[in-house]
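Colleague:
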Amino acid sequence: MKQLLKKIYIGIGMAGALTVAACNTDFLNTKPLGEATKDDVWQDQALAEAFVNEIYNGLSSGGFLETMLSSATDETMFTHNYGMKNMGEATISPTDAEYVNNRGTFQWDDMYKRIRACNVFFQNIGNAPFNRTAVGDRMRGEVYFLRAYFYHQLVRAYGGVPLIDTVYTLSDKDYTIARNSFSDCVEHIVRDCDSAAALLQGKENITVKGRATEGGALALKSRILIYAASDLYDFPTASTKAPVIATVATHDVLGYTSGDRAARWRRAKAAALAVMDLHRYTLAFATPATPEEASTNYQKMFLADNSESIFSRYFVNAKSEAGGQIGLYNGLNGYHNWSGNTPTQLLVDDYEMADGTPFNWANPMHKAQPYLNRDPRFYASILYDGANWRQRPSDVAAKDPANQAQTGIYEVWDAEHSQTINAPGLDTRQGPVENWNGSFTGYYMKKFIDPAVDAQYFRQEVPYPFFRYTEVLFNYAEACMELGEEDETRKYLNEIRTRAGMPAITESGAALKARLQREKEIEMVFEEQRFFDVRRWMVAPSTVGRALRGINVVGKLKPNVKVTLYQHNEANYDYTYTPVTLVNENRMWLDKMYFMPLQRDEMNRNNKLVQNPGY
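In mature numbering (1 follows the signal peptide of the UniProt record, and there is no 0), the protein residues as written are -22 to -1, 1 to 593.
Okay, structure coming up:
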């Protein structure tokens, strides 16, 4: 009986508890402890800053990706058989554009996700209590810059794109929208840059390293306006040079259909001058004493901040950020690195001799010693056969006590069998160390690679330069050239060349234009400039359309010399250098490649989109 009553009391107690719970529904409104509501974000300055910080993630690792955009140009070749080949062979399409979809820095859907986040910020920041404080102004300036940057990435890849400044919701009846004209897109980017610059003016004292600044906003404006003035975006010019462009359904999405080109160049010149007039940036290491110092300075310039850094992406080793793996991605396989993006012979040949004359394989002296007396930037940017490098890893050190790049085939003396044998270099695809990772071209990247870091195990903290002052000087010089102001053009090009330890240029007319384009190729190598420059200049067929080239290096022992452990030494070896056409990629150019294809999924989702020509 007692047991039965106990069960009854317990049942009554449970029922009572349930009744009370049913009457009190406060627990349904409990906030998740690990999350913040929308209302919380815009009432709390720290949460709003965290929201802005997340938008910065749209910058990714800048150009420090495993598959670099340089491998879609004549700068480098991507060693591994994925990610970039269809770009080099001009086979990308609305259904097959692997780099554009998965690895590129201008992915359509990702850029629009970030643009939407910017629009969410602007929709809510007006009601925030800190909106008109110095920090609120700084955040608004940053987001204007970021939205401008994301749109500029889309525009320089696709042409005019849909401009969306509102936040779509589930209640919207129509999500489709047509592409805006190229001109509309440029003006939108310029307005956002102007807004950013105005809001960020004088905010350097409260700006954390890596955030947008006034200089960054004005540099972005300078870039988009130099693009806007270029041949590719003047529709009559572009469609004459590449007739496929004329087949686009709506002409103004790809450029200006009319207007004053000289006025566009004047506007671009003024935008570059606005950055120069800040007097905040200067060429780093502007006056080297010797070519050797110029080379050392140029290499050092890309390992840390300096006087020409305008806006950069920074990486922290402790956070295991992917951008810090640029050394692993591109380092020599003889160091257990992946040799992903390797310089081509085309690029190497474009480096001038130290006296400013072109390199020429038909010149017997050049052919016999192709790495002697070159532009100092060559030695700072490219690892070639025999170049000194960092200490080998412990399991390879005994094979190369000299720590030199070995990209050739060399004779060595086999004492056991009393004969010479051929020994593939440690950094080749036939060598004894990770041969599957070796370079096909015979070269490796040096620029941006920190020799103090063992890339096999550690990430480096080298910043990626989205904008540096040298680009602004190139923009200014190019605009001056197009306006016939050749003295100004030569003045600023020669400032860049002086810093590089190279002689001044004196050309005029078409020869000056060719020198400017070559100078920018060399100075800005691996910085995601070449891909867009050859397009906007419309010189792609004669540059990135060239067949892929590499080098074969052979070292033959001199008579009576018996070397058992290879080391680059011209007293012991006679070297031959043979440029070769590589068959790994069937490099070619089709004019449809001036613009990237809109992907089929995007076209299916939005029937108002117009496809780019040729796809």
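Glycine included, every Cβ here is placed at the ideal spot set by N, Cα and C.
These numbers were taken from a predicted model, which means no experiment stands behind them.
Please classify W20: does DSSP put it in a helix, a strand, or coil?
Modeller: coil
Colleague: Could you check if R475 is buried or exposed, using at least 16 other CB atoms within 10 Å of its CB as the buried criterion?
Modeller: buried
Colleague: So, helix, strand or coil for D115, using DSSP?
Modeller: helix
Colleague: With DSSP as the reference, label T54 as helix, strand or coil.
Modeller: strand
Colleague: Quick check on M331: does DSSP put it in helix, strand or coil?
Modeller: strand
Colleague: Could you pull the DSSP bridge partners for M423 from this structure?
Modeller: I360
Colleague: Please confirm if the stretch 406 to 423 is in contact with the stretch 261 to 275, defined as three or more CB-CB distances below 8 Å between the two stretches.
Modeller: no
Colleague: Just to check my reading of the structure: S49 and F504 have Cβ atoms closer than 8 Å, yes? What is that Cβ distance to the nearest angstrom?
Modeller: Incorrect: roughly 10 Å between the Cβ atoms, too far for contact.
Colleague: Put N590 into one of helix, strand or coil per three-state DSSP.
Modeller: coil
Colleague: Distance, Cα to Cα, S217 vs A224?
Modeller: 5 Å
Colleague: Name, in chain order, the residues that DSSP records as bridge partners for I387.
Modeller: P402, V532
Colleague: Give the DSSP-derived three-state secondary structure of T556 in the structure shown.
Modeller: strand
Colleague: Given 8 Å as the limit, is there contact between the stretch 146 to 157 and the stretch 111 to 124, that is, 3 or more CB pairs closer than that?
Modeller: no
Colleague: Quick check: the stretch 240 to 257 against the stretch 319 to 331, are at least 3 beta-carbon pairs closer than 8 Å?
Modeller: No: the two stretches stay apart, fewer than three of their Cβ pairs being nearer than 8 Å.
Colleague: Quick test of your reading: Q434 and Y313, contact by CB under 8 Å. State the CB separation rounded to the nearest angstrom.
Modeller: 6 Å
Colleague: Does DSSP put R496 in a helix, a strand or coil?
Modeller: It is helical.
Colleague: Can you name the residues that DSSP bridges to N453?
Modeller: For N453, which the question treats as bridged, DSSP gives no partner whatsoever.
Colleague: Checking the sheet assignment: what are the DSSP bridge partners for Y369?
Modeller: Looking at the sequence shown, residue 369 is not Tyr but Gln. Its beta-bridge partners do not exist; DSSP assigns none.
Colleague: Determine the contact status of L560 and T385, defining contact as a CB-CB distance below 8 Å.
Modeller: no
Colleague: What first and last residue would you give for the alpha helix (DSSP H) that runs through S290?
Modeller: Premise fails: S290 lies in the beta strand (DSSP E), 287 to 291, not in any alpha helix (DSSP H).
Colleague: Taking only runs that begin and end inside the stretch 295 to 329, name each unbroken beta strand (DSSP E) of 3 or more residues, in chain order.
Modeller: 319 to 321
Colleague: For my contact list, A126 and L198 are in at a C-beta cut-off of 8 Å; report their separation, rounded to the angstrom.
Modeller: Indeed, because the Cβ distance is near 6 Å, the residues count as touching under 8 Å.
Colleague: At which residue ranges does the stretch 455 to 524 contain complete alpha helix (DSSP H) runs of 4 or more residues, listed in the order of the chain?
Modeller: 464 to 477, 487 to 501, 508 to 514
Colleague: When the distance is taken between beta carbons, is I70 closer than 8 Å to E456?
Modeller: no
Colleague: With DSSP as the reference, identify every bridge partner of D392, one or two as the case may be.
Modeller: Q397
Colleague: Classify H344: buried if its beta carbon has 16 or more other beta carbons within 10 angstroms, exposed otherwise.
Modeller: buried
Colleague: For the alpha helix (DSSP H) holding P269, just list the boundary residues, first then last.
Modeller: DSSP places P269 in the uninterrupted alpha helix (DSSP H) bounded by 269 to 279.
Colleague: Distance, Cα to Cα, E67 vs K570?
Modeller: 12 Å
Colleague: With a threshold of 8 Å, are at least 3 pairs of Cβ atoms found where one atom belongs to the stretch 227 to 239 and the other to the stretch 168 to 175?
Modeller: no
Colleague: Whether or not the stretch 410 to 427 and the stretch 515 to 532 are in contact is what I'm after, with contact meaning three or more pairs of Cβ atoms, one per stretch, closer than 8 Å; do they touch?
Modeller: The stretch 515 to 532, when compared against the stretch 410 to 427, does touch it at the 8 Å Cβ threshold.
Colleague: Grab me the residues of V253's own chain with a C-beta within less than 8 Å of its C-beta, minus the 5 sequence neighbours each way, in chain order.
Modeller: Closer than 8 Å at Cβ, skipping near neighbours: G193, L196, A197, S200, Y259, I288, Y447, V450.
Colleague: Where do the N-terminal and C-terminal ends of the alpha helix (DSSP H) with R446 fall, by residue?
Modeller: R446 -> not in any alpha helix (DSSP H); beta strand (DSSP E) instead, spanning 442 to 446.
Colleague: When burial is assigned at 16 or more other CB atoms within 10 Å of the CB, is D579 buried or exposed?
Modeller: With fewer than 16 Cβ atoms within 10 Å of its Cβ, D579 is classed as exposed.
Colleague: Provide the residue(s) that pair with S71 in DSSP beta bridges, ordered along the chain.
Modeller: Answer by DSSP bridge pairing, in chain order: D74.
Colleague: Specify, as a first and last residue, the run of the alpha helix (DSSP H) that K219 falls within.
Modeller: 213 to 219
Colleague: For N590, which residues from the same chain have a beta carbon less than 8 Å from its beta carbon, with the 5 sequence-adjacent residues on both sides left out?
Modeller: Y136, G137, V226, L232, K570, F573, M574, P575, L576
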